[in-house]
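So the structure is just underneath, and the comments pick up after that.
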Amino acid sequence: MAANFKYDAFAKMMQTHPDRLENFYCVTGDELLLRNETIDLIRQRCRDKLYNERISLVLEANGPWEKIQESLQNTSLFADLKILEITLPGGKPGRQGGPALIQLAEQLKGNAIDDVCVILSLPKLDKATQNTKWAKAIWDSAVLIDTPTIAREQLPAWIKQRLAAQKQRVDDETLAMIVDKVEGNLFAAHQEILKLGLMYPEGFIEAQAIHQAVHDVARYDVFQLTNAVLAGDAKRAVRILAGLQNEGEPFVLVLALITREIRTLYTLAIARQQGREISTLFRGLGVFGPRERLVQASLERLQFKQLIGLVQHASDIDRLFKGFPVNGRLIDAWQELQRLVIKIAQPNAL
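Mind the numbering: the sequence shown is residues 7 to 356 in the working numbering, read in order.
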């Protein structure tokens with residue numbers, strides 16, 4: 007039976023309907039932890055219903071897609087009920103995989119297979135992929151569970167909820183510290199929370215205990231850096247930049263995206279000086295959604311003269327990285343990039 011659920015709603019439904027089990031589930035989302043937790047719920051329900059055999063297929067565009075139909079075949083009249091788990095890490099089945107998934111969806115929708123529970127695991131699909139024939143066939147026949155992406159803004163509530171499930175709690179300042187240590191790494195965040203449940207009794211946990219117990223396992227990407235810079239959060243931007251350097255993020259990529267933001271701000275500032283309505287330029291400059299608010303805030307924070315200086319500063323850092331010393335700049339390009347990040351986020355700090 008085709009149906010759509012959000013992550014939390016599906017978990018509640020499984021609790022309130024202990025006998026419910028469909029033959030086809032599709033779990034989507036970019037947070038692998040939440041996808042795995044959802045799949046665990048379905049697996050457990052299958053085990054309760056005596057599905058004793060489990061087959062796992064990880065398929066890319068080049069297959070082998072014939073394994074799906076091979077796995078659906080019973081080896082004998084008395085074969086066990088089976089769980090067939092299919093994972094598409096890239097979310098792109100290719101020319102062979104698309105028809106194979108359509109065939110599978112049609113078989114399950116028509117109840118041609120009654121001894122198998124199929125669990126399909128996909129990353130979050132873009133709009134173009136959602137409109138393909140194979141995706142529509144799955145949406146039409148499977149129970150679809152959409153797992154969310156836990157952004158930094160949602161992480162405090164997520165951690166608080168997980169601690170509450172262990173009957174533990176921390177104060178807001180300590181919660182913010184945990185967020186800093188686990189941001190961008192939900193699997194590790196989950197492990198750190200479980201560790202707190204093992205190390206400390208139920209109730210309130212002191213900040214010092216958290217400092218000793220929770221490791222710094224945060225993982226960052228360059229877009230988190232640019233968002234922090236545009237938001238004017240210099241402290242967080244510096245922390246993310248250090249994390250990117252430690253993780254081996256290519257310097258060229260980091261500088262390129264920071265430079266792109268500076269050029270965007272510079273272009274908008276010129277347009278504003280000319281009396282133009284800058285919001286009409288956002289789409290052409292690739293400024294969408296929440297970034298609009300961040301870009302507007304940066305324009306209010308930075309004077310035009312400062313933007314000219316930022317353009318030159320980024321150019322100087324590019325020369326440093328290529329091995330050319332620049333008067334008035336540090337020798338280390340990463341250190342000079344840190345100064346640039348601070349100047350964008352907090353113009354009068356340096």
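Yeah, the Cβ is synthetic: ideal placement off N, Cα and C, and Gly gets one too. Keep in mind it's a predicted model, so treat the numbers as computed, not measured.
### Task
Use the C-beta contact count for D25: other C-beta atoms within 10 angstroms, 16 or more gives buried, fewer gives exposed.
exposed
### Message
Would L114 and L94 qualify as a contact pair, given that the criterion is a beta-carbon distance under 9 Å?
### Response
no
### Message
Using a Cβ distance threshold of 8 Å, determine whether the stretch 226-233 contacts the stretch 258-266, with at least three qualifying pairs required.
### Response
yes
### Query
In whole angstroms, what separates the C-alpha of G100 from that of N354?
52 Å
### Query
Skipping 5 residues on each side, what residues in its chain have a beta carbon closer than 6 Å to that of I151?
F11, F16, V33 and T44
### Query
For L63, which beta-bridge partners are listed by DSSP?
I92
### Task
Ignore the nearest five residues each way along the sequence and tell me which others in V176's own chain have a CB closer than 6 Å to its CB.
I211
### Task
Could you give the DSSP three-state label for V228: helix, strand or coil?
helix
### Message
On a Cα-Cα basis, can you pick out the residue from L247, E255 and Q197 that is closest to A351?
### Response
L247
### Query
Do three or more CB pairs link the stretch 158-166 to the stretch 125-137 at distances below 8 Å?
no
### Query
What's the gap between the Cα of A67 and the Cα of Q251?
33 Å
### Query
What does T34 pair with, by DSSP beta-bridge criteria?
L128 and D152
### Query
Is there contact between the stretch 139-148 and the stretch 103-120, where contact requires at least three CB pairs shorter than 8 Å?
yes
### Query
Are the stretch 215-225 and the stretch 321-331 touching by the rule of at least three beta carbon pairs closer than 8 Å?
no
### Query
What are the boundary residues of the beta strand (DSSP E) that F288 is part of?
Premise fails: F288 is in no beta strand (DSSP E) and is neither H nor E.
### Query
So what does DSSP say about R175, is it helix, strand or coil?
strand
### Residue closest to A170, alpha-carbon to alpha-carbon, out of L200, E189 and L110
L200
### Query
Anyone know if the C-beta pair for C123 and I48 falls short of 9 Å?
yes
#### Entry: Option nearest E59 by Cα separation, candidates W71, G69, E72 and L78
L78
### Task
Please determine, among K241, A339, A182 and R307, the residue with the shortest C-alpha to C-alpha distance to H319.
A339
#### Entry: Range of the contiguous beta strand (DSSP E) that encloses K12
A9 to K12
### Message
With a threshold of 7 Å on Cβ separation, who are the neighbours of S82 within its own chain once the five nearest residues in sequence on each side are excluded?
### Response
The predicted position of S82 is uncertain, since its pLDDT is 47 and thus under 50; no value can be drawn from it.
### Task
Sort L291, I156, V317 and A277 by Cα distance to V347 and report the nearest one.
V317
### Query
Going along the chain, which residues of its own chain have a beta-carbon closer than 6 Å to the beta-carbon of A111, five neighbours each way excluded?
A143, I144 and S147
### Message
So, for L291: in the same chain, excluding its five sequence neighbours on each side, which residues have a beta-carbon less than 6 Å away from its beta-carbon?
### Response
T270
### Query
Shortest alpha-carbon distance to D324 belongs to which of L313, I337 and Q312?
I337
#### Entry: Candidates D121, T286, K173 and R41, of which the one nearest L204 by Cα
K173
### Message
What does the Cβ neighbour count give for D121, buried or exposed, with the cut at 16 atoms within 10 Å?
### Response
exposed
#### Entry: Environment of R299 [buried if 16+ CB atoms lie within 10 Å]
exposed
### Query
Taking the alpha-carbon positions, what's the L40 to G315 distance?
44 Å
### Message
Measuring only the C-alpha atoms, how far is G209 from L202?
### Response
11 Å
### Task
With DSSP as the reference, label L83 as helix, strand or coil.
With a pLDDT of only 49 at L83, under the threshold of 50, the placement of this residue in the model should not be trusted, and no figure is reported.
### Task
Identify the continuous alpha helix (DSSP H) that holds F325 and give its terminal residues.
This sequence places Arg at residue 325; Phe is not what is there. Residues F310 to F327.
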